[in-house]
Amino acid sequence: MSYVDGFVVPVPEGNREKYREMALHAAAVFQEYGATRVVEAWGSDLPHGETTDFYKAAKAEKGENIVFSWITWPSKEARDAGWEKVMADERMKPDFENMPFDGKRMFWGGFEPIVDQGEG
Numbered sequence: 000m001s002y003v004d005g006f007v008v009p010v011p012e013g014n015r016e017k018y019r020e021m022a023l024h025a026a027a028v029f030q031e032y033g034a035t036r037v038v039e040a041w042g043s044d045l046p047h048g049e050t051t052d053f054y055k056a057a058k059a060e061k062g063e064n065i066v067f068s069w070i071t072w073p074s075k076e077a078r079d080a081g082w083e084k085v086m087a088d089e090r091m092k093p094d095f096e097n098m099p100f101d102g103k104r105m106f107w108g109g110f111e112p113i114v115d116q117g118e119g
C-alpha cells in the first residue's frame, strides 16, 4: 500500500517563486530516491476559521500564504529508505540564510491512505 508525507508551511507572499524553485529542486531529489509524486500547492482559497485554520495552525504572519504539500511513496518502507537517502544527500543541505520560509513553523507527518480514488 502507498504512503504519504504531508507538509504545511507559511511562506511570505513575495517568496512564491523562490519557494517554487526550491521545491522543484527538492522534488527531483525525492523522486530520485523513490517518491512517485511530489505536489506543492500554493494557497488560493483559505478561509479564516473561528477555532482553527491553516493560518493559525502554521502561525502565519501578515503577508504570508500557506503551502500545502505532499509526497507519495510506494510504501512506508520505501519512504523510510528514501528519506534516509534524502537526508544524507548534500543537495538537500539547507542554506539557512536564503531559505524562502521559516522552517520552525513547518509541520509534517506520515500517513497511511485509507481511501484513494481517482487519478494521481
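Numbering that gives the first Met the number 0 numbers the first residue of the sequence shown as 0 and each following residue consecutively. Quick reminder that beta carbons are idealized off the backbone N, C-alpha and C, glycines included.
- Taking each of R78, D115, K75 and E39 in turn and checking the Cα distance to I65, the smallest one comes out for E39.
- Sequence-distant partners of P99 (beyond 5 residues in either direction) whose C-beta falls short of 8 Å from its own C-beta, in its chain, are V10, P11, N14, K17, Y18 and M21.
- If you ignore the 5 residues before and after G42, its C-beta comes within less than 6 Å of the C-beta of N64 and I65, all in its own chain and listed in chain order.
- Apart from sequence neighbours up to five positions away, the residues of its chain that approach V28 with a beta-carbon distance below 7 Å are V85, D88, R90 and M91, ordered along the chain.
- Residue environment analysis places D44 among the exposed positions, since fewer than 16 neighbouring C-beta atoms fall within 10 angstroms of its C-beta.
- Here K75 has Y2 as same chain residues with Cβ atoms under 6 Å from its own Cβ, once five neighbours each way along the sequence are excluded.
- Residue pairing by DSSP puts D4 in a beta bridge opposite I70 and G109.
- Annotated three-state conformation of V114 is coil, per DSSP.
- In this model, W82 and D4 are separated by some 10 Å (Cα to Cα).
- In the DSSP assignment, R90 falls outside any beta strand (DSSP E) and carries neither an H nor an E.
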